[in-house]
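*Asks:* The sequence shown begins at 1392 in my numbering and counts up one residue at a time.
Note that beta-carbon positions come from the ideal geometry of N, C-alpha and C, so glycine has one too.
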Amino acid sequence: MGLIPKLIIGIIVGVIIGLTMPDHVGRVLYTFTQIFGQLLGYIVPLIIIGFIIPGIAELGEKAGKLLGATAAIAYASTVLAGIAAFIISSLIIPAIVTEGAVAAESSGIKPILELNIPPIMGVMTALVTAFIFGLGINFLRHQEAKTALFDFMEEFRAIIVMFIKNVIIPLLPIYIAGIFANMAAEGDAFATLGVFAQVFALILVMHIGYLIAIYVVAGMRSGKNPFTSLKNMLPAYATALGTMSSAATIPVTLRSAKTNSISERVADFVIPLSATIHLAGSTMTLVACSVAVLAMNGLSPNFSEYLPFILLLGVTMVAAPGVPGGAVMAALGLLSSILGFTEAQIGLMIGLYMAQDSFGTACNVTGDGAIAIIVDSFYKKEAA
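Written as C-alpha cells, this is what we have:
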C-alpha cells in the first residue's frame, strides 16, 4: 500500500478514535503523536546540516556557464512560482477557511506522558552552519581536492535519509492519526478536511497555470510551440505521479525532453541537475499549504514574512531528500523559524502536503523540461 492511502486511513482512524474513544485509545495515540512531534523537532537541524552541506559541496563537481545558467534559471523559476502561489493563496484561501477549522495547540486529548527532546541547535544556527561548511567544502574540493570532510557529510546525509525513509515516513500515518483524533475530540476535524479538499484543488490549478506560463516563456525564448513542448513532457508527468520521486523519473524526463529537439549535451546535464535544484511545484505547494494552516489558526499571511521564507525555501529545496515527503521535511526548519509554526501546525502542514506530494513532484519534473529548453536556447545562441 502506498503512503497516500496509508495517510488517508490514518486520518479516518484518527477521526473515529477521537469521536468514540478519546479517553482511552485516544490518549495512547496522542501520546505517540506528542513524542513523535518532539522527534521531528530534534531532527530538523540535522536534516538541514545533512542535506545542505553536501548539496552545496556537490556543485563543485559541475563547472562552467551551463551550471550557472541552469542554477540561476531554476532558482528564479522556483522563487517566482512561490511568490505567485503566495499572492493567489492569500487572496483565495482565507475566504474558504471556516471558523471551526483551527489547529489548536491546546489539546482536546491529554497525553499520558510528555517527553521533551530539545534539538542540538537552533534552525537558523543550522542554516548558517550549513552554508559556511557547504561553501567551504566546495572551495576545498575545487582548489585542493580535499575530500575527507565531504565523505563524512555524505555518510551523515545517508544516515539521515535512512532515518527519514525507514522511521519518519512509515510512522507518519500514525502521527497524522493522532493529530486528527485530537481535532475530532475538539470538533474541528470535519471543517479541517473540508478546507483540505479545497486547498488541494487550488494547488492543482496553480500547478497547471505555472506549467503553461513557464512553457510559454520557453517558447518565446526558443521559438518552439509551448503547448507541443508541454504535451511531449506528459510521459514524465505521469511517471512522476507514480514514483513520487524526481530522481526516479529522470530517465523518462530525459527521453521526453529530447523529443523537444534539445541538444544531447544540454539535456544530459540540465535534466539530472534540475531534478535536484528545481522544485517549483513543491515550493508552490508548501507556500499554499502554509497559508492554509495559518488561515485555519485565524492568522493573516504577511508578504514581508513570506518573502524571506520563499527566498530561503528556493535554496533549501536543493537539500530536499529524494524520498516521498522529502520537500516538506527539508522545509520544517523554515516553517518553525520564519513563520513561527507550532508543533500542531507542523503536523497539519505535513498531512496537507503529503496528500498531494505526487502532484508537486510531477509539476517539478515537467517544469524541468522547460528549464532545459531555455538553457538550450542560450547554448545554441553561444554556439552560433
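1) Quick check: the Cα distance between Lys1622 and Thr1650, rounded to an integer number of angstroms?
2) What separation, rounded to the nearest whole angstrom, lies between the Cα atoms of Phe1554 and Leu1730?
3) Are the segment 1596-1606 and the segment 1758-1768 touching, with three or more C-beta to C-beta distances below 8 Å?
4) May I have the straight-line CA-CA distance separating Ala1454 from Gly1760, to the nearest angstrom?
5) Considering only the alpha carbon of each residue, which of Gly1724, Met1412, Lys1771 and Ile1440 lies closest to Ile1550?
6) Cβ of Pro1434 within 7 Å of Cβ of Gly1525?
7) Would you check if the distance between the CB atom of Ile1701 and the CB atom of Gly1401 is smaller than 7 Å?
8) Please classify Asn1529 as buried or exposed, where buried requires at least 16 other C-beta atoms within 10 Å of its C-beta.
9) Across the segment 1679-1693 and the segment 1479-1487, are there enough close Cβ pairs to call them in contact, namely three or more that are closer than 8 Å?
10) Going by the beta-carbon positions, is the gap between Ala1648 and Ile1662 smaller than 7 Å?
11) Which of the three DSSP states, helix, strand or coil, is assigned to Glu1505?
12) Whose C-beta lies closer than 8 Å to the C-beta of Ala1666 among residues of the same chain, with five residues either side of it excluded?
13) Could you tell me if His1598 is buried or exposed, where buried requires 16 or more neighbouring beta carbons within 10 angstroms of its beta carbon?
14) Which first and last residues belong to the alpha helix (DSSP H) in which Ile1662 is found?
15) Can you check whether the C-beta of Pro1626 is within less than 7 Å of a C-beta belonging to chain D?
16) Could you compute how far the alpha carbon of Thr1422 sits from the alpha carbon of Ala1467?
17) Smallest Cα separation from Phe1522: which of Val1706, Met1611 and Ile1668?
18) Over what stretch of residues does the alpha helix (DSSP H) that includes Gly1742 continue unbroken?
19) What does the alpha-carbon distance come out to for the pair Pro1564 and Met1635?
20) For Val1684, collect the residues of the same chain with a Cβ closer than 6 Å to its Cβ; drop the 5 residues on either side in sequence, then sort them by chain order.
21) For Met1574 and Leu1410, what's the separation of their Cα atoms in angstroms?
22) Ends of the alpha helix (DSSP H) at Asp1542?
23) Tell me whether Gly1459 is buried or exposed, calling it buried when 16 or more other Cβ atoms sit within 10 Å of its Cβ.
24) Would Ile1594 and Gly1742 be called neighbours here (beta carbons separated by less than 7 Å)?
25) Figure out for me which residue from Asp1748, Gly1717 and Lys1771 has the closest Cα to the Cα of Asn1557.
26) How should Thr1538 be labelled, buried or exposed, when 16 other C-beta atoms within 10 angstroms of its C-beta is the threshold for buried?
27) What does the alpha-carbon distance come out to for the pair Ile1511 and Gly1432?
28) Out of curiosity, what's the CA-to-CA distance linking Val1406 and Thr1676?
29) Contact check, Val1419 vs Ile1503 under 8 Å by CB: the rounded distance?
30) By Cβ distance, which residues of its chain are closer than 8 Å to Pro1699, with the 5 residues on each side in sequence left out?
31) Is Gly1600 helix, strand or coil when you go by DSSP?
*Replies:* So, from the listed chains and residues:
1) For the purposes of this step, residue 1622 is taken as the residue at position 231 of the sequence shown. For the purposes of this step, residue 1650 is taken as the residue at position 259 of the sequence shown. Going by the C-alpha atoms only, they are around 10 Å apart.
2) Working through the sequence shown from its first residue, we reach residue 1554 at position 163. Working through the sequence shown from its first residue, we reach residue 1730 at position 339. Looking at the two C-alpha atoms, the distance is approximately 26 Å.
3) yes
4) Counted from its first residue, the sequence shown places residue 1454 at position 63. Counted from its first residue, the sequence shown places residue 1760 at position 369. Legend: pLDDT at Ala1454 = 44, less than 50; position of this residue unreliable, value from coordinates given subsequently. Rounded to the nearest angstrom, the two C-alpha atoms are 21 Å apart.
5) For the purposes of this step, residue 1550 is taken as residue 159 along the sequence shown, with counting starting at 1. Of the candidates Gly1724, Met1412, Lys1771 and Ile1440, the one whose C-alpha sits nearest the C-alpha of Ile1550 is Ile1440.
6) One-based indexing of the sequence shown puts residue 1434 at position 43. One-based indexing of the sequence shown puts residue 1525 at position 134. At residue 1434 the sequence reads Ile, which differs from the Pro that was named. Cβ distance not < 7 Å, so Ile1434 and Gly1525 don't count as in contact.
7) By one-based count along the sequence shown, residue 1701 stands at place 310. By one-based count along the sequence shown, residue 1401 stands at place 10. In this structure, Gly1401 does not lie closer than 7 Å to Ile1701 by Cβ.
8) As a first step, residue 1529 is located in the sequence shown; it is residue number 138 there, counting from the start. The residue is buried, with at least 16 neighbouring Cβ atoms inside 10 Å.
9) yes
10) Taking the sequence shown and counting its residues from 1, one reaches residue 1648 at position 257. Taking the sequence shown and counting its residues from 1, one reaches residue 1662 at position 271. In this structure, Ile1662 lies closer than 7 Å to Ala1648 by Cβ.
11) Here residue 1505 corresponds to residue number 114 of the sequence shown, with the count starting at 1. In the structure shown, Glu1505 sits in coil (DSSP, three-state: anything other than H, G, I, E or B).
12) Here the question's residue 1666 lines up with position 275 in the sequence shown. Same-chain partners within the cutoff: Ser1637, Ala1638, Thr1640, Ile1641, Thr1644, Asn1755, Val1756 and Asp1759.
13) Translated into positions along the sequence shown, residue 1598 becomes position 207. With 16 or more Cβ atoms within 10 Å of its Cβ, His1598 is classed as buried.
14) Numbered from 1 along the sequence shown, position 271 holds the residue referred to as residue 1662. That run of the alpha helix (DSSP H) goes Glu1655 to Ile1668.
15) Annotation note: the requested chain D is absent from the structure, which comprises a single protein chain.
16) Here residue 1422 corresponds to residue number 31 of the sequence shown, with the count starting at 1. Here residue 1467 corresponds to residue number 76 of the sequence shown, with the count starting at 1. Between Thr1422 and Ala1467, the C-alpha separation is close to 43 Å.
17) Reading the sequence shown from its first residue, position 131 is the one you call residue 1522. Residue Val1706 is the option with its Cα nearest to Phe1522.
18) By 1-based counting over the sequence shown, the position of residue 1742 is 351. Counting along the chain, the alpha helix (DSSP H) containing Gly1742 begins and ends at Glu1734 to Met1745.
19) Here residue 1564 is taken as the residue at index 173 of the sequence shown, counted from 1. Here residue 1635 is taken as the residue at index 244 of the sequence shown, counted from 1. In a straight line, the C-alpha of Pro1564 is about 17 Å away from that of Met1635.
20) Your numbering for residue 1684 matches position 293 in the sequence shown. Same-chain partners within the cutoff: Gln1736, Leu1739 and Met1740.
21) The residue you call residue 1574 lines up with position 183 of the sequence shown. The residue you call residue 1410 lines up with position 19 of the sequence shown. Going from the Cα of Met1574 to the Cα of Leu1410 covers about 9 Å.
22) For this step, residue 1542 is matched to residue 151 along the sequence shown. Per DSSP, Asp1542 belongs to the alpha helix (DSSP H) from Ala1539 to Phe1554.
23) As a position in the sequence shown, residue 1459 is number 68, starting the count at 1. Burial call: exposed.
24) Counting from 1 along the sequence shown, the entry for residue 1594 is found at position 203. Counting from 1 along the sequence shown, the entry for residue 1742 is found at position 351. Their beta carbons are not under 7 Å apart, which means Ile1594 does not touch Gly1742 by this criterion.
25) Here residue 1557 corresponds to residue number 166 of the sequence shown, with the count starting at 1. It is Gly1717.
26) Start at 1 with the first residue of the sequence shown, and residue 1538 comes out as number 147. Per the 10 Å Cβ criterion, exposed.
27) Within the sequence shown, numbered from 1, the residue matching residue 1511 stands at position 120. Within the sequence shown, numbered from 1, the residue matching residue 1432 stands at position 41. Those two C-alpha atoms are separated by around 10 Å.
28) For the purposes of this step, residue 1406 is taken as the residue at position 15 of the sequence shown. For the purposes of this step, residue 1676 is taken as the residue at position 285 of the sequence shown. Cα to Cα, Val1406 sits roughly 25 Å from Thr1676.
29) Working through the sequence shown from its first residue, we reach residue 1419 at position 28. Working through the sequence shown from its first residue, we reach residue 1503 at position 112. Val1419 to Ile1503, Cβ: 7 Å. Contact.
30) What you label residue 1699 is simply residue 308 of the sequence shown in a count that begins at 1. For Pro1699, where only same-chain residues beyond five positions count, the Cβ hits under 8 Å are Ile1729.
31) Counted from its first residue, the sequence shown places residue 1600 at position 209. In this structure, Gly1600 counts as helix in the three-state DSSP scheme.
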